[in-house]
Structures are given as C-alpha cells and as structure tokens.
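Everything in the sequence shown is counted per the working numbering, starting at 6 for the first residue and increasing by one.
Here the structure is laid out as structure tokens; the discussion comes afterwards.
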Amino acid sequence: MKIIQATTAELEQAAKLFDDYRIFYDQEPDIEGAIKFINERMKNNESVIYIALDDNNDGMGFVQLYPSFTSVGMNRMWILNDLYVDIVHRHKKVAEALIEKAKEHVRQTGTAGMVLETQNENTPAQKLYNKTGWIKDDMHCNFFWKRD
Numbered sequence: 006m007k008i009i010q011a012t013t014a015e016l017e018q019a020a021k022l023f024d025d026y027r028i029f030y031d032q033e034p035d036i037e038g039a040i041k042f043i044n045e046r047m048k049n050n051e052s053v054i055y056i057a058l059d060d061n062n063d064g065m066g067f068v069q070l071y072p073s074f075t076s077v078g079m080n081r082m083w084i085l086n087d088l089y090v091d092i093v094h095r096h097k098k099v100a101e102a103l104i105e106k107a108k109e110h111v112r113q114t115g116t117a118g119m120v121l122e123t124q125n126e127n128t129p130a131q132k133l134y135n136k137t138g139w140i141k142d143d144m145h146c147n148f149f150w151k152r153d
C-alpha cells in the first residue's frame with residue numbers, strides 16, 4: 006500500500022471512492038456529481054485528499070481534509086471531513102495509514118491540529134479514532150443549521 010496526495014491525475018479514483026463514501030451514508034449514487042465536486046475542490050485548492058493505493062494502483066480508501074481556523078488558538082487547523090475505506094480493504098490498516106498521513110500533513114503545515122465528527126452510532130469509527138490518538142470532546146456540543 007502507498008498513500009499519495011491526489012491530483013487531477015487521480016480524479017476518477019478519488020471521485021469513485023468519494024461516491025462510495027456518500028453511498029455508505031445513504032446518499033444516491035452520483036459519480037458525475039462526485040467528479041465535479043472533487044474536481045472543484047482540487048482546482049480551487051479547497052481541500053487536500055490522500056488516497057491509499059494497492060499494488061495495482063487501485064484505490065483502497067481516501068481521506069479529505071478541509072482548511073479552517075481556530076480563533077482562540079490564533080492558528081490554522083484542519084477538518085478531517087471524510088475518511089472512507091472500500092469494504093474489500095477494511096481490516097488491512099488502511100484507515101490507520103490514512104489518519105497517520107493526515108497527522109503528517111498537520112505537522113508539515115504547522116497548524117494547530119485536526120477536528121472531526123462522526124455519527125454517534127458509528128462505533129467502529131469511534132474505536133478507530135480512540136486507537137489512533139484522538140480525544141473525544143465532551144466539553145462542546147455540535148449543532149447544525151440547515152437552510153430551507
């Protein structure tokens with residue numbers, strides 16, 4: 006397994022994994038929309054995407070980071086927004102490797118750290134985050150406002 010930062014050369018691989026990720030979260034398949042969305046993020050430098058590739062250079066999983074800021078910490082930070090491993094590659098430490106690559110990116114960019122959220126019932130993800138050194142934030146509540 007190797008992990009690379011995705012560029013437009015890996016657009017189709019990244020978009021396929023992204024579409025599978027959305028399907029995992031009960032969204033309708035939309036590969037054309039996924040290609041457009043990922044291409045815009047890449048073209049506008051709005052996110053950083055790392056892809057795990059197998060020995061045949063096929064996509065195993067991906068992580069997508071969005072830049073943000075911490076006002077209190079007066080620094081930049083990253084949002085680990087998306088993490089997905091294809092079902093045939095689960096239990097091969099792909100997710101752990103992608104998280105470590107994200108941590109390396111945080112260190113290299115000199116930012117404060119990363120934040121993420123996951124569904125309360127996603128206990129496998131929560132176990133993974135605990136295992137890889139994340140600390141559950143019990144001091145804050147997350148709220149979401151959805152436009153009409």
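Every residue gets a Cβ at the ideal spot worked out from N, C-alpha and C, and that includes glycine.
Note that this is a predicted model, so its numbers are computed, not measured.
Which same chain residues end up closer than 7 Å to residue i when comparing Cβ atoms and leaving out the 5 residues on each side of it in sequence?
i, result
"glycine 118", "Met82, Val111"
"threonine 137", "Glu101, Ile104"
With H, G and I counted as helix, E and B as strand and the rest as coil, what does DSSP make of residue i?
i, result
"methionine 79", "coil"
"aspartate 87", "strand"
Can you say whether residue i is buried or exposed, counting buried as having 16 or more other CB atoms within 10 angstroms of its CB?
i, result
"glycine 64", "buried"
"serine 76", "exposed"
"valine 53", "buried"
Among the residues of its own chain, which have a CB less than 8 Å from the CB of residue i, if the five just before and after it don't count?
i, result
"lysine 106", "Ile8, Tyr55, Val68"
"threonine 114", "Arg81, Trp83"
Considering only C-alpha positions, which residue in the set the options is nearest to residue i?
i, options, result
"isoleucine 84", "Val93, Ile36, Ser73, Gln124", "Ser73"
"leucine 58", "Ile40, Val90, Lys132, Glu126", "Val90"
"valine 99", "Leu88, Lys108, Glu109", "Leu88"
"aspartate 31", "Asn44, Gln124, Glu15, Lys151", "Gln124"
"alanine 11", "Leu70, Phe29, Val93", "Leu70"
In terms of DSSP beta bridges, what is residue i paired with?
i, result
"serine 73", "Met82"
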